[in-house]
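Count the sequence shown with this note's numbering and you get residues 1 to 249, in order.
For reference, the structure is listed below as structure tokens.
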Amino acid sequence: MSRPVLFAANWKMQVGPGEARLYLERFLSLDQPRAGRSLAFFPPAVSLEAVATALAAHDHITAGAQDVHWEPKGAFTGAVSVPLVRAAGAGSVLVGHSERRHVFGETDAETAKKVTAVLAGGLQAMLCVGETLAQREAGETEAVCARQLQAALSGVDPQADVVIAYEPVWAIGTGRNATPEDAATVHGAIRAVLASLGLPATTRVLYGGSVNAGNVAALLAQPEIDGVLVGGASLDPDGWAAICQTARP
Ligand code: PGA
């Protein structure tokens, strides 16, 4: 089955509103839209509205939030809610990114509440899963991904707008990445869990973790890999525009 390819940029704690506007002006001058490919940008919350405004006329590109609280409003200093990011122009939300799980201590139960809130708020949930190096070395990769998927997606409406990003924790920002074949094997296991949870075969599973101009083509050559979620290599508009031109072979 051929699923449309998605190139997603995760800017993490970088690129303020002014810089985001300049970035997108440059990026949009280089990007060549094509059928069967869409794009997403996940800027920090303070830049979300600037990004969404710059992308308003570009239907193939979504602006998204990097995280949300599961409550719609209230006394949660420093947090943003689904209604707030939606009002700022978000169409998608990253949930359960490994930095949320491993730097901020987010649990599977909290990730599940966020997925529920995002979908109930009418936005796409881009759920991130992946194993640590110790878990990989212990042979637990597929079990960890299955646990994270089941915790976050059990009971989700099969029609819900869900994208999965498989991001091995040891590959994020380290310059090390899974071989395309290894990644494809895990993607296949993820797809089997998604099927067991009732999610359709059209659900996209992206790969993330030290993706760059040198390895993106080999990753996308794997039919199981439906796109990429990219941090470091998405920060330069020229480099990211070039990566986004990569076609499936
Ligand atoms: P990286 O980050 O591309 O810098 O490894 C990916 C991510 O964390 O989404």
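Heads up, the beta-carbon is just placed ideally off N, CA and C, and yes, glycines get one too.
Note that the coordinates shown come from a computational prediction; the quantities given were computed from them, not determined experimentally.
Cβ of L220 versus every heavy atom of the ligand PGA: is any distance shorter than 6 Å? The residue given as residue 220 occupies position 220 in the sequence shown. No; taking the cut-off as 6 Å, the Cβ of L220 has no heavy atom of the ligand PGA nearer than that.
How many whole angstroms separate the CB atoms of V68 and V80, which I take to be in contact at a CB cut-off of 8 Å? Here residue 68 is taken as the residue at index 68 of the sequence shown, counted from 1. Here residue 80 is taken as the residue at index 80 of the sequence shown, counted from 1. The Cβ separation is near 6 Å, so the contact holds.
Determine the closest residue to F42 out of N215, G232, G36, L30, with distance taken between C-alpha atoms. For the purposes of this step, residue 42 is taken as the residue at position 42 of the sequence shown. Minimum Cα distance to F42 is reached at G232.
N-terminal and C-terminal residue of the alpha helix (DSSP H) that L55 is part of: Along the sequence shown, read from residue 1 onward, the residue named residue 55 stands at position 55. Per DSSP, L55 belongs to no alpha helix (DSSP H) and is neither H nor E.
Taking C-beta to C-beta, are A15 and S47 nearer than 7 Å? As a position in the sequence shown, residue 15 is number 15, starting the count at 1. As a position in the sequence shown, residue 47 is number 47, starting the count at 1. The question names Ala, but residue 15 is Val in the sequence shown. Yes, Cβ-Cβ distance for V15 and S47 is below 7 Å.
Would you tell me roughly how many angstroms separate the C-alpha atoms of P200 and L194, rounded to the nearest one? Numbered from 1 along the sequence shown, position 200 holds the residue referred to as residue 200. Numbered from 1 along the sequence shown, position 194 holds the residue referred to as residue 194. Using only the alpha carbons, I get a separation of about 8 Å.
With distances taken between CB atoms, is the gap from V250 to V230 smaller than 7 Å? Past the boundaries of the shown model lies residue 250; the chain is included only from 1 to 249, so the question cannot be answered.
With a threshold of 6 Å, establish whether the CB of L229 neighbours any heavy atom of the ligand NAD. As far as ligands go, the structure on display features the ligand PGA and does not contain the ligand NAD.
Tell me L13's beta-bridge partners as DSSP assigns them. Reading the sequence shown from its first residue, position 13 is the one you call residue 13. Reading the sequence as shown, one finds Met at residue 13 and not Leu. Note: M13 sits in no beta bridge, so no partner.
Whole runs of the beta strand (DSSP E) within the stretch 31 to 95, excluding any shorter than 3 residues: 37 to 42, 61 to 65, 92 to 95
Sort out for me which residues DSSP pairs Q124 with in a bridge. Residue 124 sits at position 124 when you count from the first residue of the sequence shown. Q124 pairs with S92.
So is the beta-carbon of S92 under 6 Å away from any non-hydrogen atom of the ligand PGA? Taking the first residue of the sequence shown as position 1, residue 92 is located at position 92. No, the Cβ of S92 stays beyond 6 Å of every heavy atom of the ligand PGA.
Let me check you understand the geometry: is the CB of I225 closer than 6 Å to at least one non-hydrogen atom of the ligand PGA? By 1-based counting over the sequence shown, the position of residue 225 is 225. No, the Cβ of I225 stays beyond 6 Å of every heavy atom of the ligand PGA.
Quick check: the stretch 96 to 112 against the stretch 71 to 80, are there 3 or more CB pairs under 8 Å? no
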